[in-house]
Amino acid sequence: QFTLTIVMQFDQWSSETGFSISSTDSGTVYYDWPAGTFYEPFGLSVEQIQLPLGMDVTFTVTDTGGDGMCCLYGDGSFKIFAGEDIEDNSAILVSDSGDFEKETSVSFTVGYPEESSKNSTSTAAGGTTPIGGKAKATVVMQLDKYSAETGWFILSSDGATTVISRPIGYYEAKSEEKIEETIELDVGVEYKFKVTDLFGDGFCCWAGSGWYALYRGTDIENESKQLFYGDGEYGLEREHNFILESSTTVSPTNPSAALTAPSSHPTTLNAVTTTAPTELTVLLDVMITFDDSAEETGWSVASTLTGQVYLNHPPGHYDSKYSGNTITETFGVPPG
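Just so you know, the sequence shown maps onto residues 453 to 788 in our numbering.
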């Protein structure tokens, strides 16, 4: 028997997602996690299974809502590793985003990937060949008051593969905090950094002066190590392409896109490719008084014309501590 490890990054509606492993030839289902198995919003599931070495199998992911597990409700993804080490990118057998509708499937052979894909000359994320080894980088982010609305991702340069995911909702308990996270990426590979906001108003201004930056290594006080910087005024999302080099400073790919950092933060900008859609936003306040069972109450705001959901708090979003209390929530929607 050969061990496989399945890693599922869910979106907000994890209860809608199910997945299974079956025989490619006969269709026999060996493992099945139907929709409703998982309930934690934006949860991460790591499942280890065993199958005969060399067997051809099909991994199927389903969504009862018909909208996959991505986009408006968070950037879900899934990976399957040969063995038990989910930090070993050379052992990845399956990797894909949650951008599908009702169902997506991928077939593979149980076992380790081809040897050619396990060394430093193999093709990496985005079709770029690494020059060998890994390097550390540090993400620094100053969140605003509504930290739960902010997410960020490291993607392949073409955006097709999610390498690291911190989806919307991940920082729910980090209101106005400064976060620092050290990550490891392949040297010489081009990646895309994407920062997103649930309501399309970034993380700045009236809700706090948010910003973010990425550094080579762990020395965030060294200005020469900064790969890029962005303020929090970016609308729905902003992207930066970058490459980690082992010893040389990354050259800017779009110097004209550089943003000005506040005086309290380093201003060296490198490897920046930026898209920053910005929308005007009208702020609305909703006041809700709960009964004795706040956990049963949910509410949402959506466009009458298009059905686009701007804010959704399903039943269970508020726990029992809100029962009998009155709250006020502020959110933004496009004018008109």
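Note that the Cβ used here is the ideal one computed from N, Cα and C, for glycine as well.
- [ ] For Thr648, collect the residues of the same chain with a Cβ closer than 6 Å to its Cβ; drop the 5 residues on either side in sequence, then sort them by chain order.
- [x] If you number the sequence shown from 1, residue 648 lands on position 196. Here the set comprises Gly603 and Glu689.
Open item on the list: DSSP three-state label for Asp487, please.
Closed with: On the sequence shown, position 35 is the one that residue 487 refers to. Sequence check: residue 487 is Ala here, not Asp. Ala487: coil per DSSP, three-state reduction.
Open item on the list: Does the contact criterion of 3 or more C-beta pairs under 8 Å hold for the stretch 467 to 475 versus the stretch 512 to 519?
Closed with: yes
Open item on the list: Rounding to the nearest angstrom, what Cα-Cα distance links Thr733 and Phe651 in this structure?
Closed with: Translated into positions along the sequence shown, residue 733 becomes position 281. Translated into positions along the sequence shown, residue 651 becomes position 199. Residue placement at Thr733 is flagged as unreliable, the pLDDT there being 48, under the threshold of 50; the coordinate-derived value follows with that caveat. Those two C-alpha atoms are separated by around 9 Å.
Task: Sequence-distant residues of its chain with Cβ nearer than 6 Å to Val592 (five each side left out) - done: As a working mapping, residue 592 is identified with position 140 in the sequence shown. Excluding sequence neighbours, Val592 sits near Glu632, Ala665 and Ile672.
TODO: Rank Tyr623, Val459, Ala587 and Gln464 by C-alpha distance to the C-alpha of Gln500 and give the top, closest one.
DONE: Numbered from its first residue, the sequence shown carries residue 500 at position 48. Cα-wise, what sits closest to Gln500 is Val459.
Open item on the list: Whole angstroms are fine: how far does the CA of Gly750 sit from the CA of Val738?
Closed with: In the sequence shown, counting from the first residue as 1, residue 738 sits at position 286. In the sequence shown, counting from the first residue as 1, residue 750 sits at position 298. When rounded, the distance between both Cα atoms is 13 Å.
Open item on the list: Quick check for students: name the residue ranges of the beta strand (DSSP E) that lie wholly in the stretch 526 to 564, counting only runs of 3 or more.
Closed with: 529 to 534, 544 to 549 and 555 to 561
- [ ] Indicate whether Pro474 and Thr510 have their beta-carbon atoms separated by less than 7 Å.
- [x] Numbered from 1 along the sequence shown, position 22 holds the residue referred to as residue 474. Numbered from 1 along the sequence shown, position 58 holds the residue referred to as residue 510. Just to set this straight, residue 474 is Ser in the shown sequence, not Pro. Yes, the pair counts as a contact, with Cβ atoms nearer than the cut-off.
- [ ] Tell me, please, which residues DSSP counts as bridged to Thr814.
- [x] No answer is possible for residue 814: the residues shown for the chain start at 453 and end at 788.
Open item on the list: Pairs of beta-carbons, one from the stretch 548 to 560 and one from the stretch 516 to 531, closer than 8 Å: are there three or more?
Closed with: yes
Open item on the list: Contact defined as beta carbons within less than 8 Å: I believe Gly687 pairs with Gly662. What is the distance between those atoms, to the nearest angstrom?
Closed with: Within the sequence shown, residue 687 is the residue found at index 235, counting from 1. Within the sequence shown, residue 662 is the residue found at index 210, counting from 1. In fact, because the Cβ distance is near 13 Å, the residues do not count as touching under 8 Å.
Task: Length of the line joining the Cα atoms of Ser699 and Asp638 - done: Along the sequence shown, one-based indexing puts residue 699 at 247. Along the sequence shown, one-based indexing puts residue 638 at 186. Any answer about Ser699 is weak, because its pLDDT of 44 lies below 50 and its placement is not dependable; what the coordinates show is given next. Near 13 Å, if we compare the C-alpha coordinates of Asp638 and Ser699.
Open item on the list: For Thr712, count the other beta carbons within 10 Å of its own beta carbon; 16 or more makes it buried, fewer makes it exposed. Which is it?
Closed with: Numbered from its first residue, the sequence shown carries residue 712 at position 260. Only weak support exists for where Thr712 lies, its pLDDT of 35 falling under 50; the value from the coordinates is given anyway. It is exposed - the Cβ of Thr712 has fewer than 16 other Cβ atoms within 10 Å.
- [ ] Answer with buried or exposed for Val498, where buried requires no fewer than 16 other C-beta atoms within 10 angstroms of its C-beta.
- [x] What you label residue 498 is simply residue 46 of the sequence shown in a count that begins at 1. Its Cβ having fewer than 16 others within 10 Å, Val498 is exposed.
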